[in-house]
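Going down the list, the sequences are from chains A and B.
Under my numbering, read the first sequence as residues 15 to 475, first letter to last.
Under my numbering, read the second sequence as residues 38 to 180, first letter to last.
For each residue, glycine too, the CB sits at the ideal point set by N, CA and C.
Below is one structure, written out as C-alpha cells; comments come after it.
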Amino acid sequence: MKNCEYQQIDPRALRTSTTRTSTNKNVRVRRKWEVFPGKNRFYCDGRIMLARQCGVLPLTIGLIFITSGLFFTFDCPFLVHNLTVFIPVIGGVLFVFVVITLFQTSFIDPGILPRALPDEAADIEKQIDNSGSSTYRPPPRTKEILINDQVVKLKYCFTCKMFRPPRTSHCSLCDNCVERFDHHCPWVGNCVGKRNYRFFYAFIVSLSFLTSFIFGCVITHLTLRSQSVNGIIQAIKESPASVVELVICFFSIWSILGPSGFHTYLVASNLTTNEDIKGSWSSKRGEESGNPYTYNNIFTNCCVVLCGPMPPSLIDRRGFLPPDDAPQIVTSDTEHPHFVAKNGTNMCTQGTKELLESMAHSTVIQSTCAPGTPKTTPVPQESLLSTVSITVSPSSKSPSTGCSGRQARRPIDVPCSQRGNKQAALHTHKPMLRVSSPPYSLGHSPIILSDTPDMGFIPLN
Amino acid sequence: MAETHSLQDLRQAAVASKVFVQRDYTSGTICKFQTKFPAELESRIDKQQFEETIQTLNNLYADAEKLGGRSYLEGCLACLTAYTIFLCMETHYEKVLKKIAKYIQEQNEKIYAPLGLLLTDPIERGLRVVEITIFEDRSIGSR
C-alpha cells in the first residue's frame, strides 16, 4: 500500500484515495469535547464531565449508598414498627436530595473558561508588549482594574493565554481556568466554581442533615432495642449494621458540619474558599468591607450566590467540530490560512456562525496540540508566596464552628479521613497552591492553591 | 438574497485583521463589554453605531444576569426540585442568549457585513471578547 503513494501520479488512484479519505472524514464528525484541552473526562457523548483525577468520588458515593442502604434495611423496619413511618420517608427524601445534588456537582461544567484562541492570544500579547516597561525584566503579566472602587489585580494565565477575569482561578488538577473558583473537591471529583457552587452547597448541607438524621435514628434504634432486650450488647448483636452506620456517621458529622458551616459563612459574605484562604480582602484591612463583590447584606448575598441566574456552560461540549481538513499536527502559524482554505467548500449553505466556528476550531485543534509549556515560565513567584505567607496566618474571620475554624487547621483531622469520612478536610485543601514549604505553621498536609500552577512551583507530592 | 450574497462575498474575502473588544469589569463580574471605540475600526464604521451595538449587547447580558424576583423564583424552584428542572426547562439566561445570537446575526446582515466586518457572538469566545473580523476592503455589496 505504501508503494502506491510513491508511484507516478495516476489520476484514477488519486481520485480513489481522495474519495476514500473524504468518505472517512464524512463518516466521523467529532464533537468538541473530544478535543477539549483540559484534563477532564467526558461520558455520554459529552453530556457528563468529570475531572480526570476524580479523587475519591467512588468512595463518597459508596459511603452514602452503603450507609443509607444499611439504614433503610436494618434500622427502618424497627423504627417504623416502634415509632413512625415518617422516618424512612424523611430519610428517603434526604437521600434522594443528597444523591441528586452530588451528581450535579460532580458531573456538570463548574464554570470552565475556554482557552483563548491564537488570534486572541496574539492580540493580548501585543497589548502586553506595547505597555511593557523598558527594563530588561519581562513585563509583569498582571492588569489592575477598579471594581467598586477596589483595586483588583487580574493575572495572566499562561496555559489559557488570557487575563483571568476577576475571581477566576486556574485549577492545576483539571488544567482549566474556572470562573468564581472555589476549590477542587476530591470528594466530588470536580472543581467547585460558578456553575456548581449552589449544588455543592446543597450537597454538603443536605448531607449534614442526612448523616445527623441517620445518626440520631440509629441511636434511637439501639436505645429502644437495648431497653427491650436488656442490654446494649445484646442490641448490638441483634443489629450489627447499626454500629457500622454509627461509626461512619460519627466521623462524617465531624467532617461535614465543619465545611457546611464554613461554606454558609462564605455564602453569606459572598466569598470563595480561594479568596478566603488567600485573604484577598481581609489582609489589607481588618474588615469585611474589602470584598468588592459583597452586597453588604447577608440575605442578598445568599440569594445571589444560591438563587442567582444559572450561567450557561461556555465550553459547548456537544457542539460539532466542522468536518475539517485542518491538520492534526501542530503548526506554528495560526492566523489566516484556515479561513482561506475553507473557501468554496460546503460553506455555501452554512451561515456566518459555522464559518467562524470552522476558523476557530481549526485553530483550537492546533492550540490543543501545543503542549502547555508555560508551566515552567518563571514569572515572579515570590510575591505570591509572600502574599500567601502573610495573609493566611491572620484568621480573624474564620467561623467559630468547633471542628473546622480555619480550613487550614483541618490537617489535624486528615488521619481520620482514612477511616472513611464522607467529607473530610481534604476537600478544602485541594484548591490551594503547592508551596514547597508552608510558611505558616498550621498543618502537615500541603496547601494547594490552584491559582498559578504555571508558575513553576515545586509540588510537594 | 442580498444578505447571503454579502456573506458569500465575505467568505471569499481575506481576513485583514481582527479586533477584540475586551470585557469591562468595573461593575464586577457581570458580563459587560468595553464601549471604547477601537482605532482599527475608525475607517470602517461609525463610532456611534458601534457603541450602540455594544451597549445593546451589554443591556441584553445585564437582563440575563439580572437579580430580581424572577431569577430568585427560578432559583428557589430549582432548589426545591433538587435542581432537576434545569433538565427540562430552559433558563432565563439561555433564552436571552438566543436573543443575543439573533441580534448579532441581524446586525451582521444589516450593518456590519456590508461594511466588510463580522461580529462574532461572544458566547463562542467564552464571553471573554467580542471579536470583530475586518475583511480586506474590496467591493463588497449585494449583487
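- Between B/Ala-119 and A/Val-261, the C-beta gap is not smaller than 9 Å, which leaves the two residues out of contact.
- Here the C-alpha atom of A/Arg-61 lies approximately 14 Å from the C-alpha atom of A/Thr-119.
- In the three-state DSSP reduction, A/Tyr-307 falls in the coil class, being neither helix nor strand.
- Unbroken beta strand (DSSP E) stretches of 3 residues or longer found wholly inside the region 173 to 207 of chain A: 183 to 185, 190 to 192, 197 to 199 and 204 to 206, given in chain order.
- The straight-line gap separating the alpha-carbon atoms of A/Phe-213 and B/Leu-117 is approximately 12 Å.
- DSSP places A/Phe-50 in the coil class of the three-state scheme, outside both helix and strand.
- Relative to the Cα of A/Ser-220, the nearest Cα in the group A/Leu-187, A/Phe-50 and A/Val-112 belongs to A/Val-112.
- Taking the Cα positions, B/Ile-137 is about 8 Å away from B/Asp-158.
- A/Arg-209 is a Cβ neighbour of A/Ile-122, given a cutoff of 9 Å.
- Under the three-state reduction of DSSP output, B/Glu-127 falls in the coil class, being neither helix nor strand.
- Setting aside the 5 residues that flank it on each side, A/Phe-92 is surrounded in the same chain by His-235, each with a C-beta closer than 6 Å to its C-beta; the list follows chain order.
- Beta-bridge partners of A/Cys-171 (DSSP): A/Met-176.
- If you draw a 10 Å sphere on the C-beta of A/His-277, you find 16 or more other C-beta atoms in it, and that means buried.
- Assignment of beta-bridge partners to A/Gln-164 by DSSP yields A/Ile-161.
- One Cα belongs to B/Phe-57, the other to A/Glu-259, and the distance between them is close to 57 Å.
- Three or more Cβ pairs closer than 8 Å define a contact, and the region 69 to 78 of chain A meets that threshold against the region 195 to 208 of chain A.
- Contact between A/Gln-141 and A/Pro-306 is absent: CB atoms are separated by about 24 Å, not below the 8 Å threshold.
- Contact between A/Leu-335 and A/Arg-45 holds, with the beta-carbon distance rounding to 7 Å and staying under 8 Å.
- For B/Thr-170, the pairing in a beta bridge is given by DSSP as B/Lys-55 and B/Leu-155.
- Around A/Arg-331, the same chain offers Arg-45, Lys-46, Trp-47, Phe-50, Phe-56, Gly-60, Arg-61, Met-63 and Asp-123 as residues with beta carbons nearer than 8 Å, after the five sequence neighbours per side are excluded.
- The continuous alpha helix (DSSP H) containing B/Leu-97 extends over residues 84 to 101.
- A/Val-206 and A/Gln-248 have their alpha carbons spaced roughly 45 Å apart.
- In the structure shown, the three-state DSSP call for A/Leu-127 is strand.
- Under the Cβ distance rule, A/Glu-193 counts among the residues neighbouring chain B, one pair being separated by less than 9 Å.
- Taking a C-beta cut-off of 7 Å against chain A, none of the residues of the region 67 to 84 of chain B qualify.
- In chain order, Ala-119 make up the part of chain B whose C-beta sits under 8 Å from the C-beta of A/Phe-111.
- Using a Cβ-Cβ cut-off of 9 Å, B/Tyr-130 is close to Pro-323, Met-324, Pro-325 and Pro-326 of chain A, given in chain order.
- Under a 10 Å Cβ-count criterion, A/Pro-273 is classified as buried, with 16 or more other Cβ atoms of the shown protein chains found around its own Cβ.
- One Cα belongs to B/Glu-127, the other to A/Gly-245, and the distance between them is close to 57 Å.
- Here B/Arg-162 carries a helix assignment [DSSP, helix/strand/coil].
- Cβ-Cβ separation between A/Gly-322 and B/Ser-108: approximately 6 Å, consistent with a contact (criterion under 8 Å).
- Take the alpha-carbon of A/Phe-227 and the one of A/Ala-136: they are about 56 Å apart.
- DSSP places A/Ala-65 in the uninterrupted beta strand (DSSP E) bounded by 62 to 65.
- Residue environment: B/Gly-105 is assigned as exposed (fewer than 16 neighbouring CB atoms within 10 Å of its CB, all protein chains considered).
- Contact of B/Gly-163 with chain A by beta-carbon distance below 7 Å involves Leu-127, Pro-128 and Leu-328.
- Distance from the CA atom of A/Val-232 to the CA atom of B/Leu-110, rounded to whole angstroms, is 37 Å.
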